[in-house]
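The structure under discussion appears below in the form of structure tokens.
Numbering (the working numbering), first residue to last: 1 to 157.
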């Protein structure tokens, strides 16, 4: 009876040893993976931090340079056509330097005084904006319309 009891308990003991060893191995490997992931996250975070800090530093330098421009403050103070034209030209130059799509000069009330999008007359701005509005609302495909243009007559083209 004793041999039979040993014969049946030996596989159970071996199974328990394998289960406990697997549990320890899984815990060890899980901790190793966790530490590796934490290291990668820290490296990615540091890289992102350096990139964002550099971009903000460049932008801050551009803003300081613009603030020191002799054409910016007259446009803000007088809002005269000549001063705004000079500010537009200055913004256009800085716009390409900081690789921005559009640069705006706003007064203390948040109103746009000048921009790198240069319109020489109010009529020119109105015409270009109206052309864009018609294109956008008539012929340009919209994702909400399953990439079809809003105007039904445009569907025939």
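C-beta atoms are modelled at their ideal positions from N, C-alpha and C, and glycine is treated no differently.
Please read these numbers as outputs of a predicted model, since none were measured by experiment.
Beta-carbon separation (whole angstroms), residue i vs residue j, contact threshold 8 Å
{"i": "residue 75", "j": "residue 114", "result": "5 Å"}
{"i": "residue 87", "j": "residue 71", "result": "5 Å"}
{"i": "residue 98", "j": "residue 67", "result": "14 Å between Cβ atoms; not a contact."}
{"i": "residue 141", "j": "residue 133", "result": "Not quite, the Cβ-Cβ distance comes to about 16 Å (not below 8 Å), so this is no contact."}
Closest Cα partner of residue i within the set the options
{"i": "residue 59", "options": "88, 22, 100 and 47", "result": "100"}
{"i": "residue 82", "options": "44, 57 and 121", "result": "121"}
{"i": "residue 112", "options": "134, 128 and 84", "result": "84"}
{"i": "residue 107", "options": "133, 137 and 79", "result": "79"}
{"i": "residue 65", "options": "136, 42 and 93", "result": "93"}
7 Å Cβ cutoff met for residue i and residue j
{"i": "residue 69", "j": "residue 103", "result": "no"}
{"i": "residue 95", "j": "residue 73", "result": "no"}
Residues that residue i bridges to, as DSSP identifies them
{"i": "residue 148", "result": "142"}
{"i": "residue 105", "result": "114"}
Collapsed DSSP secondary structure at residue i in the structure displayed
{"i": "residue 13", "result": "helix"}
{"i": "residue 71", "result": "coil"}
{"i": "residue 47", "result": "helix"}
{"i": "residue 33", "result": "helix"}
{"i": "residue 84", "result": "helix"}
{"i": "residue 90", "result": "helix"}
{"i": "residue 100", "result": "coil"}
{"i": "residue 64", "result": "helix"}
{"i": "residue 121", "result": "coil"}
{"i": "residue 3", "result": "helix"}
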